[in-house]
């Protein structure tokens, strides 16, 4: 058993609020395919987000191989999502500025669990496997909806996940492309033996699952379609064979991989250069601030010295007179003062 949920509940808002998921019990074995159907707003995507460590449940547990994922710290959760889970979101969520091979390799590069060379080798393998051998260097804007969906599937499998979570993997696709995606997912699951949970409105896809559940008003229950209600037809692949002969110059050759533009190596090299440049700028700013502070302090001291000199010059005469008065003595000073009075002057006259 690789997955078990227990008493999952998700409540939004205070008080009465909104109960998105009120009861969800689910188990998944290795290599098993489980589908979940239900109307829009029934809580399917919320349940998938809680299982995928994207949305924290209000109550309950999600056990992945016996470990409660929501008891882990955030960094451990991020590592879990990156290395052990694959996600196929309802919308493609491809980076428009990166080519198909870059988008696929990106989770492996961010996870830092392998070298850039190995990440690109595996990305090329997966793109070959999903039938995009001629489109691996195309940008998302140059690809059809079905091709972009194939890139998303390859990206979800780049880190060899134990669990694949898919939210409406065939939405917004025409019928032929939709069938291609269904067959591709089945074949990849059988080959890699990962567990797969798919949320879908597509009854053909849901019917192919080992077990099917229905989500209604936030409650997950087992569901069965009536016998004969649906007759899936295995479609032909429109984009080529699923099992491809891998070109030796691309996959088996190290030189072939090196010829590919490696996003990770360029990114970390650029980041290193930016860090060194930023460090130099920071050091220059610190040195400049230190020099400016010393210069300003020197100017303040020089100004103080000039002011002190001016004050000394201005008071030097006064200090001399005071010194002479002190040297003559108080009595002599009084006699000189009396001799200079008007009365003394008139008598003398």
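Residue numbers (this note's numbering): 1 to 349.
Where is the CB? At the ideal position from N, CA and C, for every residue including glycine.
Model, not experiment: these values are computed from the prediction.
Check                                                                                                                                                                          : Outcome
From residue 20 to residue 206, what distance separates their C-alpha atoms?                                                                                                   : 22 Å
Express the C-alpha separation of residue 35 and residue 209 in angstroms, rounding to a whole number.                                                                         : 6 Å
Which residues in the same chain as residue 239 place their Cβ atom closer than 6 Å to its Cβ, once the five residues preceding and following it in sequence are excluded?     : Model confidence at residue 239 stands at a pLDDT of 39, short of 50, so the residue's coordinates are unreliable; what they give is reported in the following sentence. These residues qualify, in order along the chain: 131.
Within the same chain, show all residues whose beta-carbon is closer than 7 Å to that of residue 49, passing over the 5 residues directly before and after it, in chain order. : 55
Using the C-alpha atoms, what's the distance from residue 291 back to residue 352?                                                                                             : Any property of residue 352 remains undetermined from this structure, which presents the chain solely from 1 to 349.
Do residue 164 and residue 137 come within 8 Å of each other at the CB atom, strictly closer than that value?                                                                  : no
Starting from residue 387, follow its DSSP beta bridges and name the residues at the other end.                                                                                : Residue 387 falls outside the range modelled here, since the chain spans only 1 to 349, and no answer is possible.
From the DSSP output, read off the bridge partner residues of residue 167.                                                                                                     : 199
Which value, in whole angstroms, describes the spacing of the CA atoms of residue 122 and residue 24?                                                                          : 36 Å
Under the assumption that residue 126 contacts residue 154 (Cβ atoms under 8 Å), give the Cβ distance between them as a whole number of angstroms.                             : 4 Å
Is the beta carbon of residue 42 sitting closer than 8 Å to the one on residue 212?                                                                                            : no
Which of the three DSSP states is assigned to residue 68 in this structure?                                                                                                    : strand
Is the segment 80 to 92 in contact with the segment 166 to 179, if contact means three or more CB pairs nearer than 8 Å?                                                       : yes
If you follow the alpha helix (DSSP H) that residue 51 is part of, which residue opens it and which one closes it?                                                             : 44 to 51
In angstroms with no decimal places, state the Cα-to-Cα distance between residue 11 and residue 221.                                                                           : 19 Å
In this structure, how does DSSP classify residue 88 when only helix, strand and coil are distinguished?                                                                       : strand
For residue 357, which of 1, 31, 4 has the nearest alpha-carbon?                                                                                                               : The question about residue 357 has no answer here: the residues shown for the chain are numbered 1 through 349.
Which residues in the same chain as residue 18 place their Cβ atom closer than 6 Å to its Cβ, once the five residues preceding and following it in sequence are excluded?      : 12
Under three-state DSSP, which class holds residue 294?                                                                                                                         : helix
Classify residue 5 as buried or exposed, calling it buried when 16 or more other Cβ atoms lie within 10 Å of its own Cβ.                                                       : buried
Starting from residue 36, follow the alpha helix (DSSP H) in both directions and report where the run begins and ends.                                                         : Premise fails: residue 36 lies in the beta strand (DSSP E), 33 to 37, not in any alpha helix (DSSP H).
Terminal residues of the continuous alpha helix (DSSP H) containing residue 111?                                                                                               : 100 to 111
What are the boundary residues of the alpha helix (DSSP H) that includes residue 361?                                                                                          : Coverage of the chain is limited to positions 1 through 349, which leaves residue 361 absent and any answer about it impossible.
Given a cut-off of 8 Å on the beta-carbon distance, is the pair residue 82 and residue 107 in contact?                                                                         : yes
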